[in-house]
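Top to bottom, those sequences are chains E and H.
Quick note: the first sequence, position 68, residue 67 per numbering that gives the first Met the number 0, numbers continuous.
Quick note: the second sequence, position 302, residue 301 per numbering that gives the first Met the number 0, numbers continuous.
Idealized CB from N, CA, C, for every residue including glycine.
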Amino acid sequence: MYDETDDKTRASDTKEFIEDISKAYPTKVARKRLQHMIGVNSLEKQKIDANVRTIPGIITQRGCCYAGCKGVVIGPIVDMIHIVHGPIGCSYYAWLTRRNQGRARSDGKNYLQYCFSTDIQEDNIVFGGEKKLKAAIEEAYNIFKPKAISVHATCPVGLIGDDVVKVSKEMSEKLGINIFGFSCEGYKGVSQSAGHHLANNGLFKNVVGMDDTEEEGFTVNILGEYNIGGDAWEIERIFNKAGIKVISKFSGDGSYDEIAKSHTAKLNIIQCHRSINYMAEMMETKFGIPWIKINFIGIKSMSKSLRKIARFFDDPNLSERIEKIITEEEVEAENAIAPYRERLNGRTAAIFVGGSRAHHYQDIFKDLGMKVIAAGYEFAHRDDYEGRDVISDIKVDADSRNIEQLYVEPDPARFRLRISPERYEQLKKEKFLSYYEGMIGEMESGSLVIDDISHHELEKIIEIYKPDIICSGIKDKYLIEKWGIPSKQLHNYDYGGPFAGYRGAVNFAKDIDMRVNSRVWSYITPPWKGTPIINAEFAA
Amino acid sequence: MLDMTPPGIAERSALTINPAKTCQPIGALYAALGIHECLPHSHGSQGCCAYHRSHLTRHYKEPVMAATSSFTEGTAVFGGGANLRQAIKNIFQIYKPRVVAVHTTCLSETIGDDLSTLIAKAKDDGLIPEGSFVIHTNTPSYVGSHVTGFSNMTRSMVNYFAEPAKQKKGQINVIPGFVEPSDMRHIKMLLNEMGVKAVVFPDTSDVLDAPQTGSHRFYPKGGVTVEALKSTGSSKKTIAMGSFASEAAAQALMVKADVPYDLIDLPIGIAATDRFMQSLMDITGKEPSERILDDRGRLVDMMTDNQQYFYGKKVAVFGDPDHVISMTEFLVSMDMIPIHILTGTPGKRFEQRIREILKDVAPDARVKAAGDLFELHQWIKAEPVDLLMGNTYGKHIARAEDVPFVRFGFPILDRVGHSYFPVVGYRGAMHLMEKILGVLLDRKDRDAAEENFELIM
């Protein structure tokens, strides 16, 4: 149980804790890891190292560029075929393992349950695999007649020089459908973040802007929302009530046709900043679509985000509708979480996950009266921690330089600033538009921030802080639980959810309560432990 | 569900759809966890390691520890030697393993990192503490499957540790194959029951089914010890279970330490378990204990009692070759008719062995190695079955075609039990049979008209 009086102690303890953690490491490793850990001090502007190479041999949560590109951003687009060019494993592990739900649109096309691979063999490594890739694309086309195909490169095909971008272009011309490739080999960059960047570039070059059909009304794109457990659908339920129209989602429950006309929306709202800020910026530059950062996780956050959208559109009717929805939905959700809040109030949590989610979920824990004592991202960059102001200070290292950077210019025919230039400038100045404040700013003094947490560091947190719950991913879940501490997966929600929006917040409250306050933990220690056995008469 | 799958079977030469296999390193990682105090290490990009750990964790619902060389673009160009050295140094200082078991990835294979030389150099340079070991196996993902990777790592245990001995001890080696912790535990129990002293390797029992105690042991108590692995060269015989997963190690032991081996099918089902017993009898001259015979008797009793429900039922089976071979035979022993049999792992022996088992029962069965689940689904559309058996990835086909489904093999990501209840031995067969009967009778109940809905079956 968290006690307010511990606060001061914690603040001074964090420094000691961080130093203690690094003692287990060889000197060089310790020196590096110390740059990735801070004890939050709200009085200072603090710097943390992020988006740098993982140290070989250190047990990490991170994945690869391919995982970010195919697994996270492109894979959830339901009505496209996504072919992985490489050995079988890469495609296999990204097959229905990220939980981004999706429904077919009216054309009935949904390929999410399928896994497509060229399954390259040794002779392809020796003689090249482009021929096999071409044949595979043609076979996929002949069987399924999809409207578009994406092709993803894996480590070995990049190494032998197979050019998936070129092959895709060739096949696109031959078959007459949109086919585009991603050079997202696993070794690029330092984490899956590199893949997000490549994925956005690819979508921007090959899909966004293909269909100019414009829709009336308060139109938005939801960026960086992956529809885990139906999050996007819960957000859309509320949007529908308010009369906000979603043109496209990037990319949970994403659709090729919808993304093709995403450039017609009036506003981009960003949920996961890390995975998609590139897209928002490119759309802003080329088409003049402003973007705002929102957070739909938590009751207060949801309301705050809706008000932000209302403020952008600046329409009295919309604002009125939104206020009405907030009143209704907040009451309903607050009433529903009240019993959980009562049981969770004062408990502590740690969150080590993703590239924005460790931030988003802090608000919902506040709604529950819980305190986040430690948090960190798996694949974030400095701006995710420190806010967008630091972007210009971030040194571009060799690993990031290898990731393609698009230089985008305003589209002479289609660029159109959605609001007056004066208002645009004003809102930017107020940090209402194009701004993300980062995670550190929201955390209390004395809490810990750890970037790319290692196994050893996680165990130390468990040992010293004994949080009541740790939110993490599947690789850590059972490790944490072996320590008798419940773990909540925030990559797949442990197959619960949705957790976004008002109803999602209630689901989350229930989920946290059922873990933290479950009876099962009480059985770990046998009842007889510590009591001497007195009835020994049968022993002899 | 799988609505895009057309009924007409299309010939494909290049595109794999819905694979029935995955890549080598995950098998090597799993095998390495069967060594006591071993930290598996993936030499390549960190995504491979993340994927393998995630997938194994989902299957076993246990922590799966492994480190990675974390290649970046520069490493891919200049080679992974420096990363491996750094990794070895860090691993021994931070995680203090007895063994680091390195497997390659398609990346490190393609750039041609020479692991033997790199490890020897690390040893010469004092990076490997006295009494600790770094072993390796080559697991290019573009050859074979996860079963091949398991087999390769098991063979490397022999290559690195087995010590030849002129004087053989009264012990045997048992290589159980790519089976569950529960199966390895049960095999050890049977050996114990028969009074046979044996080294079982790899052995993931007590590693991937560790008890909840409220404190995590980085290296759980299970796993075959280095000492036991060293002694495999002085055993008088090896029993290798399943040619795909276990024969390579048995062969290596024969070559290296002159230990002969018996190759048997995985002891899944009655006939294969009988042959396991026979093999033990031949080696030891001992009869199975009364307890084992009673288990066998109970299994046969279940088979005779329920024969009517199995008789003539058509089955589709897919999964890893050693498993599918034994399962097919077990189904036949219960009068069922396997008509679609498929593995993703390549290998001629699979089709030969299945044809042998089915020659009198289903000579026209569709049998394929190196196949995929898209094809299996199309076979089922063309000729429906009463039962589908295979890993979790079969659930979409089962739903699409409304077929009773029994989860069997690797991976099972949506149910529990596989790591706790064995499928090997007579008891394992009873467990499997109960699962099969359960889904068949559930279906009978579900489909029965109200007047035919029976209380007693």
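CB contact below 9 Å: residue i versus chain E
i, result
"VAL63 (chain H)", "yes"
"VAL142 (chain H)", "yes"
"ARG57 (chain H)", "yes"
"ASN89 (chain H)", "yes"
"THR104 (chain H)", "yes"
"GLY221 (chain H)", "no"
Three-state secondary structure (DSSP) of residue i
i, result
"PHE431 (chain E)", "coil"
"GLN34 (chain E)", "coil"
"ASP363 (chain H)", "coil"
"VAL519 (chain E)", "helix"
"GLY223 (chain E)", "strand"
"ASN560 (chain E)", "The requested residue 560 (chain E) does not occur in the structure, where chain E is confined to residues 0 to 539."
"TYR1 (chain E)", "For TYR1 (chain E), the predicted model reports a pLDDT of 49, less than 50, meaning its position is unreliable; a value from the coordinates is still stated below. TYR1 (chain E): coil per DSSP, three-state reduction."
"TRP378 (chain H)", "helix"
"ASP264 (chain H)", "coil"
"PRO39 (chain H)", "strand"
"PRO18 (chain H)", "strand"
"ALA209 (chain H)", "coil"
"VAL156 (chain E)", "helix"
"HIS395 (chain H)", "helix"
Opening and closing residue of the alpha helix (DSSP H) in which residue i lies
i, result
"THR153 (chain H)", "145-160"
"SER419 (chain E)", "From DSSP, SER419 (chain E) is part of no alpha helix (DSSP H); its letter is neither H nor E."
"CYS105 (chain H)", "105-110"
"SER192 (chain E)", "192-205"
"ALA134 (chain E)", "129-143"
"ASN543 (chain E)", "What the structure shows of chain E is the stretch from 0 to 539, and residue 543 (chain E) is not part of that stretch, so it cannot be assessed."
"LYS165 (chain E)", "163-174"
Minimum Cβ-Cβ distance from residue i to chain H less than 9 Å
i, result
"LEU132 (chain E)", "yes"
"GLY188 (chain E)", "yes"
"SER553 (chain E)", "Look at the range of chain E in this structure, 0 to 539, and you will see that residue 553 (chain E) is not part of it."
"THR53 (chain E)", "yes"
"GLY185 (chain E)", "yes"
"GLU15 (chain E)", "no"
"ASN239 (chain E)", "no"
"PRO25 (chain E)", "yes"
"ASP398 (chain E)", "yes"
"THR530 (chain E)", "no"
"VAL352 (chain E)", "no"
"ARG61 (chain E)", "yes"
"TRP482 (chain E)", "yes"
Contacts of residue i in chain E (Cβ-Cβ under 7 Å)
i, result
"LYS122 (chain H)", "The premise fails here: LYS122 (chain H) is roughly 16 Å from chain E at the closest Cβ pair, so nothing lies under 7 Å."
"ARG52 (chain H)", "LYS474"
"ILE110 (chain H)", "LEU158"
Contacts that residue i makes with chain H (C-beta to C-beta distance below 8 Å)
i, result
"THR284 (chain E)", "In chain order: nothing, as chain H lies at least about 27 Å away."
"THR117 (chain E)", "ALA13, LEU14, THR15"
"GLN34 (chain E)", "Within chain H, no residue comes near GLN34 (chain E); the closest Cβ sits about 17 Å away, beyond 8 Å."
Chain-ordered chain H contacts of residue i [CB-CB under 9 Å]
i, result
"HIS455 (chain E)", "ILE93, TYR94"
"GLN270 (chain E)", "Ordered by position in chain H, no residue passes the 9 Å Cβ test against GLN270 (chain E), which lies about 23 Å from the chain."
Proximal residues of chain E, C-beta to C-beta of residue i below 9 Å
i, result
"HIS339 (chain H)", "The contacting residues do not exist; HIS339 (chain H) stays about 19 Å from chain E at best."
Unbroken beta strand (DSSP E) run spanning residue i, endpoints
i, result
"VAL83 (chain E)", "80-84"
"PRO6 (chain H)", "PRO6 (chain H) -> no beta strand (DSSP E), and no H or E assigned at all."
"MET240 (chain H)", "236-240"
"ASN172 (chain H)", "171-174"
"CYS470 (chain E)", "468-471"
"ALA447 (chain H)", "Segment: none, ALA447 (chain H) is in no beta strand (DSSP E) and carries neither H nor E."
"TRP290 (chain E)", "290-292"
Presumed contact (8 Å Cβ cut-off) between residue i and residue j, rounded CB distance
i, j, result
"LEU387 (chain H)", "ALA315 (chain H)", "5 Å"
"PRO421 (chain H)", "SER181 (chain H)", "4 Å"
"VAL98 (chain H)", "VAL225 (chain H)", "6 Å"
"THR218 (chain E)", "LYS292 (chain E)", "About 18 Å; that fails the 8 Å criterion."
Residue i: contacting residues in chain H (beta-carbon distance under 7 Å)
i, result
"ASN576 (chain E)", "The structure shown does not extend to residue 576 (chain E), since chain E spans only 0 to 539, so no value can be given for it."
Contact test: residue i Cβ vs the ligand FAD heavy atom, cutoff 8 Å
i, result
"ASP118 (chain E)", "The ligand FAD is not among the ligands present in this structure, which contains no ligands whatsoever."
Could you name the residues of the segment 134-166 of chain H whose beta carbon sits closer than 9 Å to any beta carbon of chain C, in the order they occur along the chain?
-> Annotation note: the requested chain C is absent from the structure, which comprises protein chains E and H.
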